[in-house]
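Residue numbers for the first sequence follow this note's numbering, beginning at 242 and rising by one.
Idealized CB from N, CA, C, for every residue including glycine.
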Amino acid sequence: MLVSEVMLQQTPVTRVLPIWQEWMDRWPTPAALAAEPAGEAVRAWGRLGYPRRALRLYAAAAAITADHDGVVPDSFDGLLTLPGVGTYTAAAVAAFAYGRRATVVDTNIRRVQARVISGSALPAPTLSAAEMRLAAALLPEEGAQSAKWNAAVMELGALVCTARAPKCGNCPIRSECAWLAAGQPAPSYVAKGQPWAGTDRQVRGAVMGVLRATRMPIQRELFFAPVPELGDDGLDGTTFSESLRSQLRRLHSLMAPESQLERAIEGLLQDGLAQSREGGLLLPD
DNA sequence: TAGACGTGGCC
DNA sequence: TGGCCAAGTCT
């Protein structure tokens, strides 16, 4: 449950499923994961996105092994101490893994509340204390019932009360929806999208792609070298796998300025997603 | 508290 | 084609 909830942060379930399955097959327990180098977690994360989550999940596994006898904490507060576990994930694990009464508030629940109760098309850009209070007030008293409630409201938001084209005609509570009653008024604000092409994030992603493709340190020159420099073998005579070559081509195709590449690499080192060794760059131990 | 942080499917 | 969006967390 913990692994799935972290993977599901900002990530659609269809993309999580296969990675989660591989992950659980390989590391059935926190101790099993903690016994390996952190880089293995990052590599197994694949292209799920936000790879720092892999690092934090790894750190959480280490903390659980060292401080909790290898058992995932069952309380909201205990879960909250784990790296990469915020209020949503702590509540979700407490509720769904342990049947505890916990106030789960994710983007789906926020949207359902905004529509049904507040009558607005979308929740505010940032989570407010008022929303948390509302969710807490709506939550059934009994533990198992509250867990079911959390799952139900989240699922309603994910499948019916969706952001883009809500299926109000099929909604089981359409007669109680303030937003529908008000004639589905338009959102009061416009979400600002995240730029991607040309950003540091894109470059970081491409660098990570290179590092995941090999266990050898990648010399810095290779990140900066223009595509034609990539021959059949490396500057030092080492041979490149087809996957590594492919990732290097992907990075080079971005034609990122050297300063941006430097910045991206520096950021990855800073975040612990990469380390320097033998004059090259590779995933962390 | 606003901004950084990946990725790919959908319309 | 391109913006929108997905079960957030951390600083």
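Around the Cβ of residue i, are there at least 16 other Cβ atoms within 10 angstroms (buried) or fewer (exposed)?
i	result
V254	exposed
A385	exposed
E281	buried
V444	buried
R518	exposed
V257	buried
For the putative contact between residue i and residue j, defined by C-beta atoms under 8 Å, what is the C-beta separation to the nearest angstrom?
i	j	result
L514	V283	6 Å
Q501	L510	Actually they are not in contact, since the Cβ atoms of Q501 and L510 sit about 15 Å apart, beyond 8 Å.
V448	L489	Between L489 and V448 the Cβ distance is about 10 Å, and since that is not below 8 Å, they are no contact.
A219	P426	In the structure as shown, the chain starts at 242 and stops at 526, and residue 219 therefore has no counterpart that could be examined.
A301	P324	5 Å
Roughly how many whole angstroms lie between the Cα atoms of residue i and residue j?
i	j	result
D315	V334	8 Å
N391	V357	15 Å
G521	Q250	31 Å
G446	T367	26 Å
E483	D308	42 Å
F337	P436	34 Å
E499	G398	44 Å
Taking C-beta to C-beta, are residue i and residue j nearer than 8 Å?
i	j	result
R341	A404	no
R267	A285	yes
D526	P278	yes
Y329	V345	yes
What residues in its chain sit with their C-beta under 6 Å from that of residue i, if we drop five residues either side in the sequence?
i	result
S387	R342, L380, P381
P458	R518, E519, G521, L523
Considering only residues of the same chain and omitting the five flanking positions on each side of residue i, which have a CB-CB separation below 7 Å?
i	result
V394	I350, V353
In chain order, what residues of the same chain have a beta carbon less than 8 Å from the beta carbon of residue i, not counting five sequence neighbours either side?
i	result
Y339	D315
F317	A331, A332, A335, R341, A343
Within 7 Å: the Cβ of residue i and any heavy atom of the ligand MG?
i	result
A406	Among the ligands in the structure shown, none appear at all, so the ligand MG cannot be discussed.
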